[in-house]
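When we follow this note's numbering, the leftmost residue of the sequence shown carries the number 12, and every step to the right adds one.
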Amino acid sequence: MSRRIVVGLADRAYEVAVGPGLLDQAGQRIAPLLKRPRTAVVSDETVWGLHGARLTAALEGARIAVSPIVISPGEQTKSFAGLADLSDRLLALELDRGDLIIAFGGGVVGDLTGFAAAIYKRGVGFVQIPTTLLAQVDSSVGGKTAIDTPRGKNLVGAFHQPRLVLADLDVLATLPDREMRAGYAEVIKYGLLGDFGFFEWLEANGAKVLAREPEALAHAVARCVEMKAEIVGEDETEQGRRALLNLGHTFGHALEAETGYGAALLHGEAVAAGQAMAFRFSAAQGLCSRQEATRAELAIGAAGLPVRLGDVLGHPFAAEALVRHMAQDKKAEGGRLTFILARGLGEAFVAKDVDAAAVRDFLLTEGAAP
Ligand code: NAD
Ligand code: GLY
Numbered sequence: 012m013s014r015r016i017v018v019g020l021a022d023r024a025y026e027v028a029v030g031p032g033l034l035d036q037a038g039q040r041i042a043p044l045l046k047r048p049r050t051a052v053v054s055d056e057t058v059w060g061l062h063g064a065r066l067t068a069a070l071e072g073a074r075i076a077v078s079p080i081v082i083s084p085g086e087q088t089k090s091f092a093g094l095a096d097l098s099d100r101l102l103a104l105e106l107d108r109g110d111l112i113i114a115f116g117g118g119v120v121g122d123l124t125g126f127a128a129a130i131y132k133r134g135v136g137f138v139q140i141p142t143t144l145l146a147q148v149d150s151s152v153g154g155k156t157a158i159d160t161p162r163g164k165n166l167v168g169a170f171h172q173p174r175l176v177l178a179d180l181d182v183l184a185t186l187p188d189r190e191m192r193a194g195y196a197e198v199i200k201y202g203l204l205g206d207f208g209f210f211e212w213l214e215a216n217g218a219k220v221l222a223r224e225p226e227a228l229a230h231a232v233a234r235c236v237e238m239k240a241e242i243v244g245e246d247e248t249e250q251g252r253r254a255l256l257n258l259g260h261t262f263g264h265a266l267e268a269e270t271g272y273g274a275a276l277l278h279g280e281a282v283a284a285g286q287a288m289a290f291r292f293s294a295a296q297g298l299c300s301r302q303e304a305t306r307a308e309l310a311i312g313a314a315g316l317p318v319r320l321g322d323v324l325g326h327p328f329a330a331e332a333l334v335r336h337m338a339q340d341k342k343a344e345g346g347r348l349t350f351i352l353a354r355g356l357g358e359a360f361v362a363k364d365v366d367a368a369a370v371r372d373f374l375l376t377e378g379a380a381p
């Protein structure tokens, strides 16, 4: 049985289905959205090798012709070169504006395909079939699409909502444990930012989620999607509350930039350390208690995720370099830094005018090099 969550965006509202067996239902669920029975499926080599045949069978079973576009896995594909290549391959298929593109993979495939769909012939519809925990609970929902540039992550992109999201929990069976943990950093984020009850549930049940126990996994993914759908429905283009979803990201992006956006530190791992740091920084600013910051840190650390600079390969990082990355972050406005800070567990808020010197001092207390 799958759960159905709606992202309420008036005439662009769409359904997120969460549950087992959804890949096999992809044909019947996607067919009503198509103007003609053909589609392009963008996937990466790993996902396509593991699950491509099942998705193809499901689509062809509904008489939909499938043109696969298989790209290299990894963050480096989410680039101008990757976008140019994908756009060219879509054009070669002669898809028109009435056709739909399917993004079948993790956040890299989803962000790149979503952006290509946003600009292909001035915009074409797309469907997300997320295959990582991170993509199921975060990146496939909400319509943020982007590529990276040498100046930073996600700096060129568009808001472009999918028409449907199918989060099949079965595909997570093949996800490497490290990627599962990285996705879990985004799961715990929802508890920390706005649902203390969910945070407590994760303290008790996080190991079951990581072990992919069906009930626990379904509850966790559905709760995250519900929260994201609610936030996006209220603030699609991040004028306010949606920024809460960036908890841990300002510290996290700086660490990703320092470590080169690669295998040394996955995005979710950076967000994990970033969230622990955001709570400790909040405690240092007198916004929440040290006990609450420690509790957040313990829950993140219990999942085997990094919580301190010293847990990240490449440490010691220079405080100055980290602050420089934060200032370049697109969330920086008028020289002041924007952070998501917390008044308690489940009580995050947007702090728009954080003093860079206070952040630098904090980083020194965290063991950053002067
Ligand atoms: P990813 O897409 O790189 O996937 C991680 C790895 O897992 C890849 O090697 C992939 O081939 C493999 N993989 C995917 N599904 C698999 C499966 N079922 N079985 C086995 N292997 C599988 O990484 P990700 O963590 O999914 O996404 C990270 C990206 O998402 C970053 O670029 C980040 O910026 C972006 N992101 C976007 C948003 C958003 O709102 N758009 C939110 C969060 C993160
Ligand atoms: N991942 C942050 C957002 O979707 O707003």
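Even for Gly, the Cβ is constructed at its ideal location relative to N, Cα and C. This structure is a prediction, so every number in the text was calculated from the model and none was measured.
Count Cβ pairs between the region 162-176 and the region 128-140 that sit closer than 8 Å; are there 3 or more?
yes
Per DSSP, which one or two residues make a beta bridge with Val17?
By 1-based counting over the sequence shown, the position of residue 17 is 6. Glu26.
Cross-strand partners of Asp55 (DSSP beta bridge):
Taking the first residue of the sequence shown as 1, we reach residue 55 at position 44. Ile82.
Can you have a look at Phe91 and say buried or exposed, based on whether 16 or more other CB atoms are within 10 angstroms of its CB?
If you number the sequence shown from 1, residue 91 lands on position 80. Exposed.
Grab me the residues of Arg100's own chain with a C-beta within less than 7 Å of its C-beta, minus the 5 sequence neighbours each way, in chain order.
As a working note, residue 100 is residue 89 in the sequence shown. So the qualifying residues of the chain are Ile80.
If I'm right that Leu144 touches Leu186 with Cβ under 8 Å, what's the distance once you round it to whole angstroms?
As a working mapping, residue 144 is identified with position 133 in the sequence shown. As a working mapping, residue 186 is identified with position 175 in the sequence shown. The Cβ separation is near 7 Å, so the contact holds.
Checking the sheet assignment: what are the DSSP bridge partners for Leu348?
For this step, residue 348 is matched to residue 337 along the sequence shown. Paired residues: Val365.
Bridge-paired residues (DSSP) for Leu384:
Summary: the structure shown does not reach residue 384, with the chain confined to residues 12 through 381, and so no result is reported for it.
Distance, Leu70 Cα to Ala114 Cα:
Sequence index remark: in the sequence shown, residue 114 carries index 103 (1-based). Sequence index remark: in the sequence shown, residue 70 carries index 59 (1-based). Taking the straight line from one Cα to the other gives about 14 Å.
Measuring alpha carbon to alpha carbon, tell me which of Ala295, Ala233, Gly325, Glu86 ends up nearest Val198.
Here residue 198 refers to the residue found at position 187 of the sequence shown. Out of Ala295, Ala233, Gly325, Glu86, Ala233 has the C-alpha closest to the C-alpha of Val198.
Tell me whether Ala314 sits in a helix, a strand or coil according to DSSP, three-state version.
For the purposes of this step, residue 314 is taken as residue 303 along the sequence shown, with counting starting at 1. Here Ala314 sits in coil by DSSP.
So what does Phe170 bridge to, in DSSP terms?
Working through the sequence shown from its first residue, we reach residue 170 at position 159. DSSP lists Lys155 as partners of Phe170.
Would you decide whether Asp149 is buried or exposed? Buried here means 16 or more other CB atoms lie within 10 Å of its CB.
Along the sequence shown, read from residue 1 onward, the residue named residue 149 stands at position 138. Under this definition Asp149 is a buried residue.
Across which residues does DSSP place Leu177 in a beta bridge pair?
Position 166 of the sequence shown holds residue 177. Beta-bridge pairing links Leu177 to Ala28.
On the three-pair Cβ rule with 8 Å, is the region 261-276 touching the region 308-328?
yes
Please name the residue in Arg133, Ala353, Ala64, Val52 whose C-alpha comes closest to that of Leu255.
Numbered from its first residue, the sequence shown carries residue 255 at position 244. The residue with the shortest Cα to Cα distance from Leu255 is Ala353.
Tell me whether Glu267 is buried or exposed, calling it buried when 16 or more other Cβ atoms sit within 10 Å of its Cβ.
Reading the sequence shown from its first residue, position 256 is the one you call residue 267. Under this definition Glu267 is a buried residue.
Sub-7 Å separation of Ala287 and Glu308 beta-carbons
Taking the first residue of the sequence shown as position 1, residue 287 is located at position 276. Taking the first residue of the sequence shown as position 1, residue 308 is located at position 297. Going by C-beta atoms, Ala287 is nearer than 7 Å to Glu308.
When Glu331, Pro317, Trp212, Ala184 are compared against Leu375, the one with the closest alpha-carbon:
Reading the sequence shown from its first residue, position 364 is the one you call residue 375. The shortest C-alpha separation from Leu375 is found at Glu331.
Which residues mark the beginning and the end of the alpha helix (DSSP H) in which Pro10 is found?
Here the chain covers residues 12 to 381 and nothing more, so residue 10 does not appear.
Could you tell me if the beta carbon of Asp149 falls within a distance shorter than 6 Å of some heavy atom in the ligand NAD?
In the sequence shown, the residue the question calls residue 149 occupies position 138. Under cutoff, so the answer is yes.
Pull up the distance between the alpha-carbon of Gly38 and that of Val58, whole angstroms please.
Working through the sequence shown from its first residue, we reach residue 38 at position 27. Working through the sequence shown from its first residue, we reach residue 58 at position 47. Going from the Cα of Gly38 to the Cα of Val58 covers about 18 Å.
Could you pull the start and end residues of the alpha helix (DSSP H) that Arg189 belongs to?
As a position in the sequence shown, residue 189 is number 178, starting the count at 1. Per DSSP, Arg189 belongs to the alpha helix (DSSP H) from 188-205.
What residues match up with Pro161 in a beta bridge as DSSP calls it?
Here residue 161 corresponds to residue number 150 of the sequence shown, with the count starting at 1. Its beta-bridge partners do not exist; DSSP assigns none.
State buried or exposed for Met238, treating a residue as buried only when at least 16 other CB atoms are found within 10 Å of its CB.
Indexing the sequence shown from 1 puts residue 238 at position 227. Counting Cβ neighbours within 10 Å, Met238 comes out buried, since at least 16 surround it.
Can you tell me where the alpha helix (DSSP H) with Met12 in it begins and where it stops?
Indexing the sequence shown from 1 puts residue 12 at position 1. Met12 -> no alpha helix (DSSP H), and no H or E assigned at all.
Out of Ala24, Val370, Ala380, Pro161, which has the shortest C-alpha to C-alpha gap to Phe262?
Indexing the sequence shown from 1 puts residue 262 at position 251. When each option's Cα is compared against that of Phe262, the closest is Val370.
Which residue or residues does DSSP assign as beta-bridge partners of Phe360?
The residue you call residue 360 lines up with position 349 of the sequence shown. Its beta-bridge partners are Leu352.
DSSP beta-bridge partners of Pro141
Along the sequence shown, one-based indexing puts residue 141 at 130. Pro141 is bridged to Gly116.
Same chain, Cβ closer than 7 Å to Leu258, five either side skipped, listed in chain order
For the purposes of this step, residue 258 is identified with residue 247 of the sequence shown, where counting begins at 1. Only Lys200, Leu203, Leu204, Gln286, Ala289, Ile351, Ala359 meet the Cβ criterion.
Give the DSSP bridge partners of Val334, in chain order.
Here residue 334 refers to the residue found at position 323 of the sequence shown. In DSSP, Val334 forms no bridge with anything.
Let me make sure I understand the geometry here. Which of Ala73, Asn165, Val17 has the alpha-carbon closest to that of Asp35?
The residue labelled residue 35 in the question sits at position 24 within the sequence shown. Nearest C-alpha to Asp35: Ala73.
For Gly279, which of Thr88, Val77, Asp188 has the nearest alpha-carbon?
As a first step, residue 279 must be located in the sequence shown, where it is residue number 268. Here the closest residue by C-alpha is Asp188.
What does DSSP give as the partner residues of Ala76 in its beta bridges?
Reading the sequence shown from its first residue, position 65 is the one you call residue 76. Per DSSP, Arg49.
Once the 5 residues before and after Val77 are set aside, which same chain residues still bring their CB inside 7 Å of it?
As a first step, residue 77 must be located in the sequence shown, where it is residue number 66. Only Thr50, Val52, Thr67, Leu70, Glu71 meet the Cβ criterion.
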